[in-house]
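Q: What follows is a structure written as structure tokens; I'll ask about it next.
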Amino acid sequence: MKPIRIGTRGSKLALWQANHVAARLQERGLLTEIVIITTKGDVVLDRSLDKIGAKGVFTEELEISLRIGHIDLAVHSAKDVQSTIPDDLELLAFMEREQVNDVIVSFDASLDLARPDLILGTSSTRRKAMLQRYYPNARAAEARGNLQTRLRKLEEGQYHALVLAYAGVHRMEYDDLIRHVLPSTQFVPAAGQGSVAIECARDLQPELKETLRQALDHASTHTALLAERAFLRTMEGGCSIPSFALATYTPKGALQLHGGLISLNGEQYIEEIQSITNEAEADALGTRVAENVLQRGGQEILDDIRAHRIA
């Protein structure tokens, strides 16, 4: 039996995700092999994501390896996967989602978020915009690199704190550095945040594909992310625009999508919340929420953002 070759970036968090996938496959009696692949996003660290063309910045090299048969699976943080993937590839599975919140991490146990000179490190356009809206006293500073690199910069005093996804902080066991958990109703996360996405070649052997799907896919997470990714696709933006989308299940079992867009300065904020009771309509839900956001002023925000970047 040939091992399943699992492609991943080389950071500690990416390797955690890949090993998590490997463990699930090994439980099914499958052999596995981890293949580390360096992406553009790992190499270009002197520019923000929106300056280097964020589409596929953490996934393109992994997708090339899928095409040439160098790997069987590519493991991604779901929020890093571009809204539209090539026709010869497919997203096979979405693993069970971790807590979705953004968190503020600091070595200062008495961190005061109201201090007037507060510097918060983040590489996310969405988080920068939301910080301007909800913490106008703070200055958002660019913080690229893997989690350990960012924490080193934090320890060196480049920032007072970092704004990160809880999932990565928790998986790397830095929970003791979390000073504030930001509410997901206010700091609504990026589409896919907290989940691990599994990508494969569309022509992968059908029987193997089904075995892998059964081992790795989490049904309710998958449905939620179908809605979020349809929202993102309709917005025609990736992690370089300050959009947000979170699909959750209500106590009565309906799928609710909270999606929207915020201007770079945080002043304009458009959100839309809709629900469905038929999971088969998840994709349509995401499309509809995005279309409403665009019609209610979101298109003008996107136009302004693109004009600002061209200038």
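Heads up: the sequence shown begins at 647 in the numbering used here, then just goes up one per residue. We put the beta carbon where it would ideally sit given N, CA and C, even for glycine. Keep in mind the model is a prediction, meaning the values are calculated, not measured.
(1) Would you mind sorting T880 into buried or exposed? The rule is 16 or more other CB atoms within 10 Å of its CB.
(2) In whole angstroms, what is the alpha-carbon distance linking Q914 and L712?
(3) Take the Cβ of G932 as the centre, count every other Cβ of all protein chains shown within 10 Å, and call the residue buried at 16 or more, exposed below.
(4) Could you check where the alpha helix (DSSP H) with A936 kicks off and where it finishes?
(5) Does the region 726-741 come into contact with the region 845-857, if we say contact requires no fewer than three beta-carbon pairs (one atom in each stretch) closer than 8 Å?
(6) Just to confirm, are I922 and G944 a CB contact at a threshold of 8 Å?
(7) Three or more C-beta pairs under 8 Å: does that hold for the region 895-902 against the region 740-749?
(8) Mind pulling the alpha helix (DSSP H) runs of 4 or more residues that sit fully within the region 850-902?
(9) Using CA atoms only, rank isn't needed, just tell me which of F877, A930 and G912 is closest to L940.
(10) Cα separation between L907 and A786?
(11) Got a sec, what are the start and stop residues for the beta strand (DSSP E) Y915 sits in?
(12) According to DSSP, is G906 part of a helix, a strand, or is it coil?
(13) Can you name the start and end residues of the beta strand (DSSP E) that R651 belongs to?
(14) Assign E925 to one of three DSSP states: helix, strand, or coil.
(15) Going by DSSP, what residues sit across from E973 in a beta bridge?
(16) What would DSSP say about E707, mapped onto helix, strand or coil?
(17) Helix, strand or coil for T768 per DSSP?
(18) Do you know how far the Cα of E874 is from the Cα of E946?
(19) Across the region 851-861 and the region 766-786, are there enough close Cβ pairs to call them in contact, namely three or more that are closer than 8 Å?
(20) Can you give me the Cβ contacts of H666 inside the same chain, cut-off strictly under 6 Å, excluding the 5 residues immediately before and after it?
(21) Please list, in chain order, all residues of the same chain as F890 whose beta carbon is under 7 Å from its beta carbon, the five residues on each side excluded.
(22) Across which residues does DSSP place S723 in a beta bridge pair?
(23) Assess contact between the region 712-723 and the region 662-676, defined as three or more Cβ pairs (one per stretch) separated by less than 8 Å. Is contact present?
(24) Which same chain residues end up closer than 7 Å to M647 when comparing Cβ atoms and leaving out the 5 residues on each side of it in sequence?
(25) When DSSP labels each residue in this structure, what does R693 get in the three-state scheme?
(26) When we look at the beta-carbon of I714 and count the other beta-carbons within 10 Å, is it buried (16 or more) or exposed?
(27) Within the same chain, show all residues whose beta-carbon is closer than 6 Å to that of K697, passing over the 5 residues directly before and after it, in chain order.
(28) I'd like to know whether the C-beta atoms of L808 and G840 end up nearer to each other than 8 Å.
(29) Hey, E707 and T730 are a contact pair by Cβ (cut 8 Å); roughly how many whole angstroms apart?
(30) In terms of residue numbering, what span does the alpha helix (DSSP H) encompassing L757 cover?
(31) Could you pull the DSSP bridge partners for E788 from this structure?
(32) Give me whichever residues DSSP pairs with H826 in a beta bridge.
A: Per the coordinate set shown:
(1) With 16 or more other Cβ atoms within 10 Å, it is buried.
(2) Roughly 40 Å between the two C-alpha positions.
(3) Result: buried.
(4) Per DSSP, the continuous alpha helix (DSSP H) segment holding A936 begins and ends at A928 to V939.
(5) With the cut-off at 8 Å, the region 726-741 and the region 845-857 touch.
(6) Result no, Cβ atoms of I922 and G944 do not sit closer than 8 Å.
(7) The way I'd put it, the region 895-902 doesn't touch the region 740-749; fewer than three beta-carbon pairs between them come closer than 8 Å.
(8) Restricted to the region 850-902, the alpha helix (DSSP H) segments that are unbroken, complete and at least 4 residues in length are 852-862 and 865-881, listed in chain order.
(9) Ranked by Cα distance from L940, the options F877, A930 and G912 are led by F877.
(10) Whole-angstrom Cα-Cα distance: 18 Å.
(11) Run containing Y915: Y915 to I922, per the beta strand (DSSP E) assignment.
(12) Three-state result, G906: strand.
(13) Counting along the chain, the unbroken beta strand (DSSP E) around R651 starts and ends at I650 to T654.
(14) The three-state reading of DSSP puts E925 in helix, counting H, G and I together.
(15) Within the shown structure, residues of the chain are numbered from 647 to 957, placing residue 973 beyond reach of any answer.
(16) In the structure shown, E707 sits in a helix (DSSP, three-state: H, G or I).
(17) Strand at T768.
(18) Rounded to the nearest angstrom, the gap between the Cα atoms of E946 and E874 is 21 Å.
(19) In the pairwise beta carbon analysis, the region 851-861 is classified as not touching the region 766-786: fewer than three pairs are separated by under 8 Å.
(20) If we look at H666 and ignore the five residues flanking it on each side, it has no Cβ neighbours.
(21) So the list reads R772, V834, P835, A836, G905 and G906, once near-sequence residues are dropped.
(22) For S723, which the question treats as bridged, DSSP gives the partners V842.
(23) Taking a cut-off of 8 Å for Cβ pairs, the region 712-723 and the region 662-676 touch, as three or more such pairs fall below it.
(24) Here M647 has L677 as same chain residues with Cβ atoms under 7 Å from its own Cβ, once five neighbours each way along the sequence are excluded.
(25) Residue confidence is low: R693 scores 47 on pLDDT, short of 50, so the model does not pin down where it sits. Its coordinate-derived value is still stated next. Residue state for R693 is assigned as coil, using DSSP reduced to three classes.
(26) With fewer than 16 other Cβ atoms within 10 Å, it is exposed.
(27) Residue placement at K697 is poorly supported in this model, since its pLDDT is 48, which falls under 50; the coordinates still yield a value, given next. So the list is empty, once near-sequence residues are dropped.
(28) No, the Cβ-Cβ distance between L808 and G840 is not below 8 Å.
(29) Wrong, their Cβ atoms sit about 18 Å apart, outside the cutoff.
(30) Counted as a single uninterrupted DSSP element, the stretch harbouring L757 is not any alpha helix (DSSP H), since DSSP gives it neither H nor E.
(31) According to DSSP, E788 bridges with T768.
(32) The partner list for H826 (beta bridge, DSSP) reads I750.
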